[in-house]
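If you read the sequence shown in my numbering, its first letter stands for residue 59, the second for the next number, and so on.
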Amino acid sequence: MAAWSLTLNDGNDMTVTPAAALVGSQGLQLVINDNNGMGVRDDTPVNEARYRARFYFDPNSITMANGNRHLMFIGANLTALLTQLELGFNGGSYQIRAALMNDSNVWTQTSWFTITDAPHAIEIDWRAATGPGANNGGLTLWLDGQQVANVSSIDNDLQRIQLAAMGPVFGVNSGTRGIYYLDAFESRRQTYIGLVATEPTATPTNTPTETATATLTPTDAPTDAPTSTPTDAPTDLPTATWTPTDTPTSTPVPTNTSAPMATFTPTSTPTEQTSAPQVIPTETVIEGESVPQNADGTD
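In structure tokens form, the structure reads like this:
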């Protein structure tokens with residue numbers, strides 16, 4: 059874990075071990091035995107207008123109550139979350155959903171997509187709009203090398219990614235307990251990352267043409283998915299404590315839920331998206347090796 063800017067292992071509940079290896083010989087094992095957030099954070103992104111990240115995830119038969127969900131990846135600036143990936147459980151199946159925020163602090167989500175209880179590659183391509191009024195920001199989501207959703211026409215030209223974090227970073231429910239695995243994290247600016255073992259021969263289309271369109275049929279969202287959007291954000295995200303202020307209207311969240319990547323304790327949990335928990339970003343690999351920003355090895 060030395061390649062990461064910060065680690066929060068919640069009393070050694072997060073370790074590097076061969077048992078968690080999804081690519082290579084080592085992986086990140088996360089033991090969820092309480093509602094505390096944990097994970098790894100990367101502080102290397104520098105005002106990134108485009109940010110791509112890919113990692114491998116195995117639910118490993120972790121127990122989740124119906125409707126449970128938490129953030130497993132976040133990208134942020136120093137004051138707010140800008141993009142996130144959620145792990146959810148509904149109807150006996152694990153699900154993944156991505157989201158991004160615009161300049162008015164309004165979130166747009168993809169549909170929920172069902173994944174099996176097995177290793178999966180998850181990749182996102184987050185883009186800030188190119189200028190005021192352009193409204194061409196967006197987010198693309200791939201599962202196992204297949205593009206499943208595009209979100210486009212987002213007004214987010216004021217946003218830049220400066221941090222990213224991976225792990226059960228925020229919003230763990232009391233019904234979620236067990237061990238899951240993460241591995242092979244890589245991030246860059248421009249080029250598609252793809253699968254480790256079977257890199258696609260052609261670069262997939264990454265310019266969305268329709269908001270939250272999908273090439274796979276999404277399943278229903280968890281029955282208690284939130285419906286509102288937080289507006290407050292931390293002011294010292296990387297190192298200090300902050301408290302979300304939005305009040306949920308539908309999603310039950312345990313009262314002892316702790317926030318990701320820090321020791322802050324939220325007073326309430328937003329019903330649609332959480333305010334920014336602590337975070338990680340761009341040139342980090344779980345195996346402990348630095349990965350260049352671009353495919354040609356340049357920054």
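C-beta: ideal position from N, C-alpha, C; glycine also.
query, result
"Return the residue from the list 217, 146, 167, 110 that minimises the CA-CA distance to residue 244.", "110"
"Taking 9 Å as the threshold (C-beta atoms), are residue 64 and residue 141 in contact?", "no"
"Go through its chain and collect everything with a Cβ distance to residue 218's Cβ below 7 Å, but skip five positions before and after it.", "105, 106, 107, 135, 186"
"Here's the rule: buried if 16 or more other CB atoms are within 10 angstroms of the residue's CB, otherwise exposed. What is residue 334?", "The predicted model places residue 334 with a pLDDT of 43, which falls under 50 and marks its position as unreliable; any figure quoted below should be read in that light. Per the 10 Å Cβ criterion, buried."
"Any contact of the region 118 to 136 with the region 191 to 207, i.e. 3+ C-beta pairs under 8 Å?", "no"
"Which residues mark the beginning and the end of the beta strand (DSSP E) in which residue 235 is found?", "Element bounds for residue 235: n/a, residue is neither H nor E."
"Which same chain residues end up closer than 6 Å to residue 214 when comparing Cβ atoms and leaving out the 5 residues on each side of it in sequence?", "160, 161, 186, 187, 195"
"If you draw a straight line from the C-alpha of residue 152 to the C-alpha of residue 175, how long is it?", "7 Å"
"Just checking residue 248 against the ligand MG - is the residue's beta carbon closer than 8 Å to any of the ligand's heavy atoms?", "The ligand content of the structure shown is nil, which means the ligand MG is not present either."
"Residue 150 to residue 170, Cα distance in whole Å?", "14 Å"
"Since residue 157 contacts residue 165 with CB under 8 Å, what's their CB separation in whole angstroms?", "5 Å"
"Going by C-alpha distance, which of 231, 178, 189, 95 is nearest residue 386?", "No statement about residue 386 is possible, as the shown extent of the chain runs from 59 to 357 and does not include it."
"Which residues does DSSP list as the beta-bridge partners of residue 209?", "197"
"Quick one: what's got a C-beta closer than 8 Å to residue 190's C-beta in the same chain, skipping five residues either side?", "215"
"Helix, strand or coil, according to DSSP, for residue 176 in the structure here?", "coil"
"Determine the closest residue to residue 253 out of 115, 224, 154, with distance taken between C-alpha atoms.", "115"
"Measure the alpha-carbon distance for residue 61 versus residue 72 and round it to whole angstroms.", "15 Å"
"Pick out whichever of 69, 239, 247 has its Cα sitting closest to the Cα of residue 83.", "239"
"Assuming residue 88 and residue 226 make a contact with CB atoms under 8 Å, what is their CB distance in whole Å?", "6 Å"
"With 16 as the cutoff for other CB atoms within 10 Å, does residue 248 come out buried or exposed?", "exposed"
"Less than 8 Å between the CB atoms is what I'm expecting for residue 230 and residue 95, so what's the real figure, rounded?", "7 Å"
"Any idea if residue 69 is buried or exposed, counting beta-carbon neighbours within 10 angstroms, 16 or more meaning buried?", "exposed"
"Where does residue 210 land, buried or exposed, given buried means 16+ other C-beta within 10 angstroms?", "buried"
"Tell me which residues share the same chain as residue 119 and place their Cβ nearer than 8 Å to its Cβ, disregarding the 5 neighbours each side in the sequence.", "175, 236"
"Three-state secondary structure (DSSP) at residue 103?", "coil"
"Restricting to Cα atoms, I'd like to know which of 85, 127, 223 is closest to residue 74.", "85"
"Report the three-state DSSP secondary structure of residue 226 (helix, strand or coil).", "strand"
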